[in-house]
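K.L.:
Supplied in structure tokens, the structure appears directly below.
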């Protein structure tokens, strides 16, 4: 799990995965080589990651030393993920790529690409169930339409 445990993504993924009964492999020190060895040894199917580590997944040819065929999905969050890197990961590893959007105050993601949805560059997927989103003008507070810059407001179940 190449998320720093002090980051909201790392600290929220761990309890969720434990609740779901998922087998976790946690290391105190982490390298790309160790990740690839672990994918091969433990037949890891799902890899949560973040943009700066995602870039390391496509650098060099280290991945060709290992059998990574068990890997089926890569999820990311924590910052916007560059589309060119996501597409390179999909091409190199033949995995489903999912990007989520969340914030510390909301605890987990409020938008995310579903398991059965293809990756769309620049999109974090549909709004999560029980969540309302709107974009407002920073100065007036007026609700804005699609493809307009503003402040994102999030509200969960009442």
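Numbering (my numbering), first residue to last: 5 to 162.
All C-beta atoms, glycine included, are put in the ideal place defined by N, C-alpha and C.
On a predicted model such as this, the values are computed, not experimentally measured, just so you know.
(1) Can you tell which of 60, 146, 138 and 121 has the C-alpha that lies nearest to the C-alpha of residue 160?
(2) Count the CB pairs spanning the segment 50-57 and the segment 81-97 that are closer than 8 Å, and state whether there are at least three.
(3) Sorted by chain position, which residues of the same chain lie with C-beta nearer than 7 Å to residue 134's C-beta, five sequence neighbours on each side aside?
(4) Considering only DSSP beta bridges, list what residue 138 is partnered with.
(5) Is it buried or exposed for residue 146, if we count other Cβ within 10 angstroms and need 16 for buried?
(6) Hey, how far is the Cα of residue 72 from the Cα of residue 86?
(7) DSSP on residue 4, reduced to helix/strand/coil?
P.N.:
Considering the structure as presented:
(1) Cα-wise, what sits closest to residue 160 is 138.
(2) With a cut-off of 8 Å, the segment 81-97 and the segment 50-57 count as touching, because enough Cβ pairs lie within range.
(3) Answer for residue 134: 160 and 161, listed in chain order.
(4) Under the DSSP definition of a beta bridge, residue 138 partners with 157.
(5) Answer is exposed; the Cβ neighbour count stays below 16.
(6) In this model, residue 72 and residue 86 are separated by some 23 Å (Cα to Cα).
(7) As displayed, the chain neither begins before 5 nor continues past 162, which places residue 4 out of reach and without an answer.
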